[in-house]
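Worksheet: the structure to be examined is printed underneath.
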Amino acid sequence: MAKLKTPLTQGDEPLSGGQRRAEIAGILLQNGWDVLVQRLGLLEFLPGGWRRNLLVSSVLPDSDLDSDKPPPLPVPQAMRQTLEQLGPTFVKLGQVLSTRADLLPEDYILELKKLQQNVPPVPWAQMEPVLLEEWNAKQYLIASGDPSHVIRKAERVEDIFESFNPVPIAAGSLGQAYRARMRTGGDSKEVIVKLQRPGILPVVDADIRILKDLVGLVERTRWGKTYNFMDMVNEFASVIRNELDFFQEASNTETIGANLRQFYKNNEVQTPQIYWEYSSLRMLTMEFIEGENIELFFTNRAENLLSGPSSEETELSALDRERKYLSKIITNSFLHQIFIDGFFHADPHPGNLLLVFDPKQGHMRVVLLDFGMVGRVDPRSRTILIDFLLAIIKFDSRRATDRIMEFGKAPADINRHQFAQDLDHILRSTLGRPLREVQVGKILQDILDMTMRYRIQLPGIFITLLRVLITTEGICRQLDRDYILIQAAEPFVVQAIKNQFLQTFTLRDMARVGLELSSLLTALPRQLDDFLVNLNSGRVQFITEHRNLEGLERALRVLGNRIAAGLLVCGLSVSSAISLALPAGPKLFGIPLISMGLFTLSTLLGMWLLNGINRRE
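If you read the sequence shown in this note's numbering, its first letter stands for residue 13, the second for the next number, and so on.
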């Protein structure tokens, strides 16, 4: 079929829904996705001549219409090229898919990762109006809440910044970044200004509506019924809309920065400062930090060291120490974000890790960049993740299978026993190896590949968590060949378990339960004494009907035993919780042994009590 062109974009005006569908259909046809166009019902949006050409091409595949058609590209490459031509929304979709190794094979993942590089920039003539509109709108917004604010209306970029370089230092599918210099508080500061691409919001909204319509058609197919594509599209819509909200990105940056300052007192890992007065929904201004990409830094520094005439061994050992130090602080920062804070940077690729030398500490500092993509993990998800990782470390395939099935959605006909066996095979493949040779990231990736084969749908947050762990381990292994993620994660997992236990039994709850139990035990003898006095004096009357008194007697005896056992369980649980605060005595995983013993005893007694109740019922 002749190469089709799509003359449907009308200047800078957004296309209507039908026009955009026609444009999508035309681009798909250009890249050889003829069958997909037909199955997605996009033919009706094409001009009549295009439909006739497609029909002739399908009936007469060797016709002259195909004479000028270039040889077909490999499918992964054709997919990337198609997404690039479809525009920013689909480029972002490809970038998100490049992180979903549970959905796509490795050759697709590698090809789609190229979408994160070399995005053509929008000319400054189109970007400058975005900056001016956002600045002027913010001035009026501030004045509406603060009558004393002097409105600084800008007609050109020089009215806002002391200097501004119109050549972008980075261009992405949704925005571009520039270097500028601003004057604040009498000082001149160099900053990074991130601007949203013009007209991107209506395009994204329209494309998401189209994606949802297309997914509705796909879900009618057998393949579509296997995977919940609508949930994936909804998740993607949430991701891209969050990334288009630069206010949200600024808030994410400050939140994670504050959490890191609590953990790292000397700013070993930090985030850029946000300048809120120069930021808005479509404009984000932050501190410029001079540094090196984590990959480039070690390459350049190692070459410089090797070229030195003397003290080569000393310098190389210093380089190794620096690498180990960096792998430690990077790992600890992400493990703390995930297991302790529950709010984490979800895109830790090397381009988002900047290295800056700190002369006071004599070490490099790590600066985290780009907080458009973050993750929040709720307590339940964190509990499942911790138990899942512990099961992997202990080679417990059954337990790991239970956690996957609990968190994911498996087909009704899944062979759970076979899945557990395949998982056990993955885990056992690492037996006997030294810990430093066990790559947790590869194990997790193999498990994700297996869930795809078994058509298990895992929630996005679980995929994101595992991907962050996989990426972090990959970076740190490049820094330190002796790096062991299992050992690095242990203290954070223990602390997370302890935190959850303490959150379940807070001091306030323990005090309340203790007071209530104390009041009950204090009042019980007096109430029993009053009852017996009233009984002896004849003031208590019983109206009874003599039926099956033997059964009633047994029931009362059982009831009394259960009440006594229940009080004992309650007392042991409270004692266990209170003993957590004991400063002395032997401990295991940071928890006093006496507390663990009392808790275990109360749990066993409670299980015995419940078992007796269930057996009688």
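A virtual CB, placed ideally from N, CA and C, is assigned to each residue, including glycine.
Item checked: Residues bridged to Val506 [DSSP beta-bridge criterion] -> DSSP output for Val506 lists no bridge partner at all.
Checklist line | C-beta neighbour in chain B for Met139, strict 8 Å | finding: Going by chain labels, chain B is absent from the structure shown, which holds only one protein chain.
Notebook entry, point to check: Looking at C-beta atoms only, is the number of pairs between the region 428-446 and the region 478-494 that lie closer than 8 Å three or more?
Noted result: Contact between the region 428-446 and the region 478-494 is not established, with fewer than three Cβ pairs separated by less than 8 Å.
Next item on the list: Output the boundary residues of the beta strand (DSSP E) element that contains Gln208.
Entry: Residues 199-208.
Check: Just to confirm, are Pro360 and Phe346 a CB contact at a threshold of 8 Å?
Finding: Yes.
Item checked: Between the CA atoms of Met298 and Asp199 - distance to the nearest angstrom -> If I take the Cα positions, the gap works out to 15 Å.
Note to self: Let me make sure I understand the geometry here. Which of Thr343, Asp390, Thr196, Asp119 has the alpha-carbon closest to that of Gly486?
What the structure shows: Relative to Gly486, the option among Thr343, Asp390, Thr196, Asp119 whose CA is nearest is Thr343.
Check: Any idea if Arg415 is buried or exposed, counting beta-carbon neighbours within 10 angstroms, 16 or more meaning buried?
Finding: Buried.
Next item on the list: Indicate whether Ala32 and Ala218 have their beta-carbon atoms separated by less than 8 Å.
Entry: The amino acid at residue 32 is misidentified as Ala; the sequence shows Arg. Taking 8 Å as the Cβ cut-off, Arg32 and Ala218 qualify as a contacting pair.
Item checked: Bounding residues of the alpha helix (DSSP H) (the contiguous stretch that carries Val480) -> Counting along the chain, the unbroken alpha helix (DSSP H) around Val480 starts and ends at 472-491.
Next item on the list: With DSSP as the reference, label Leu272 as helix, strand or coil.
Entry: It is helical.
Next item on the list: My understanding is that Pro423 touches Arg467, with C-beta atoms under 8 Å, so please give their C-beta distance in whole angstroms.
Entry: Distance from Pro423 to Arg467 at the Cβ level is roughly 5 Å; contact confirmed, criterion being Cβ atoms closer than 8 Å.
Notebook entry, point to check: Any idea what DSSP makes of Gly387, helix, strand or coil?
Noted result: Residue state, collapsed to three classes: strand.
Check: Are the Cβ atoms of Phe356 and Val378 separated by less than 8 Å?
Finding: The answer is no: Cβ separation not under 8 Å.
Notebook entry, point to check: Given a threshold of 16 other Cβ atoms within 10 Å of its Cβ, counted over all protein chains shown, does Arg294 qualify as buried or as exposed?
Noted result: Label assigned to Arg294: buried.
Note to self: Which same chain residues end up closer than 6 Å to Lys421 when comparing Cβ atoms and leaving out the 5 residues on each side of it in sequence?
What the structure shows: Here the set comprises Gln469.
Margin query: Give me, in chain order, the residues of the same chain whose beta-carbon lies closer than 8 Å to that of Pro100; leave out the 5 immediate sequence neighbours on both sides.
Written below: The answer, listed in chain order, is Ser185, Leu186, Arg209, Ile212, Val215, Val216.
Item checked: Nonlocal neighbours in the same chain, by C-beta distance under 6 Å from Gln285, ignoring five residues either side -> If the five residues before and after Gln285 are omitted, its C-beta is found closer than 6 Å to the C-beta atoms of Glu299, all from its own chain and listed in chain order.
Checklist line | Proximity of Ala113 and Asp461 at Cβ, strictly below 8 Å | finding: Yes, the Cβ-Cβ distance between Ala113 and Asp461 is below 8 Å.
Item checked: Nearest neighbour of Glu247, chosen from Gly303, Leu109, Pro117 [CA to CA] -> Taking only the C-alpha atoms, the option nearest Glu247 is Leu109.
Check: With 16 as the cutoff for other CB atoms within 10 Å, does Arg479 come out buried or exposed?
Finding: Around the Cβ of Arg479, a 10 Å sphere holds 16 or more other Cβ atoms; the residue is buried.
Notebook entry, point to check: Helix, strand or coil: how does DSSP classify Ile341 here?
Noted result: Three-state result, Ile341: helix.
Note to self: If I follow the unbroken beta strand (DSSP E) through Phe173, where does it start and stop?
What the structure shows: Unbroken run through Phe173: none, as it is neither H nor E.
Next item on the list: Provide the residue(s) that pair with His375 in DSSP beta bridges, ordered along the chain.
Entry: Paired residues: Asp370.
Checklist line | Three-state secondary structure (DSSP) of Val134 | finding: If DSSP states are grouped into helix, strand and coil, Val134 belongs with coil.
Checklist line | Pick from Tyr152, Asp171, Glu170 that is closest to Ile163, judged by C-alpha positions | finding: For the options Tyr152, Asp171, Glu170, the alpha carbon positioned closest to that of Ile163 is the one of Tyr152.
Next item on the list: May I ask you to verify whether the region 267-275 touches the region 167-183, counting CB pairs closer than 8 Å and requiring at least 3?
Entry: In this structure the region 267-275 does not lie against the region 167-183, because fewer than three pairs of beta carbons, one per stretch, are closer than 8 Å.
Notebook entry, point to check: Among all the DSSP beta bridges, which residues are the ones paired with Phe355?
Noted result: By DSSP's assignment, Phe355 forms a beta bridge with Arg388.
Item checked: CA-to-CA distance, Ile121 to Leu77, given in whole angstroms -> Caution is warranted here: a pLDDT of 42 is assigned to Leu77, below 50, making its placement in the model unreliable, and the coordinate value is therefore given only provisionally. It is roughly 33 Å from the alpha-carbon of Leu77 to the alpha-carbon of Ile121.
Check: Roughly how far, in whole angstroms, is the beta-carbon of Phe419 from the beta-carbon of Pro471, given that I think they are within contact range, below 8 Å?
Finding: With 8 Å as the limit, Phe419 and Pro471 qualify as a contact, their Cβ atoms being about 7 Å apart.
Notebook entry, point to check: Which same chain residues, not among the five before or five after Gln512, have their C-beta less than 7 Å away from its C-beta?
Noted result: Leaving aside the five residues that flank Gln512 on each side, the residues in its chain whose CB is nearer than 7 Å to its CB run, in chain order, Pro391, Thr395.
Next item on the list: Give the straight-line distance between the Cα atoms of Lys340 and Thr476, rounded to the nearest whole angstrom.
Entry: Note on geometry: alpha-carbon atoms of Lys340 and Thr476 lie some 21 Å from one another.
Notebook entry, point to check: Quick one: what's got a C-beta closer than 6 Å to Asp458's C-beta in the same chain, skipping five residues either side?
Noted result: Hits under 6 Å: Ile438.
Check: Any idea what DSSP makes of Ala166, helix, strand or coil?
Finding: Per DSSP, reduced to three states, the secondary structure at Ala166 is coil, with no helix or strand assignment.
Notebook entry, point to check: Beta-carbon separation of Leu41 and Thr94 under 8 Å?
Noted result: Taking a C-beta distance under 8 Å as the contact criterion, Leu41 and Thr94 do not qualify as a contact pair.
Item checked: Same chain, Cβ closer than 8 Å to Met376, neighbours up to 5 away in sequence not counted -> Residues Phe309, Glu334, Tyr337, Leu338, Leu367, Val368, Phe369, Asp370 of the same chain have their beta carbon placed closer than 8 Å to that of Met376, with the five preceding and five following residues left out of the count.
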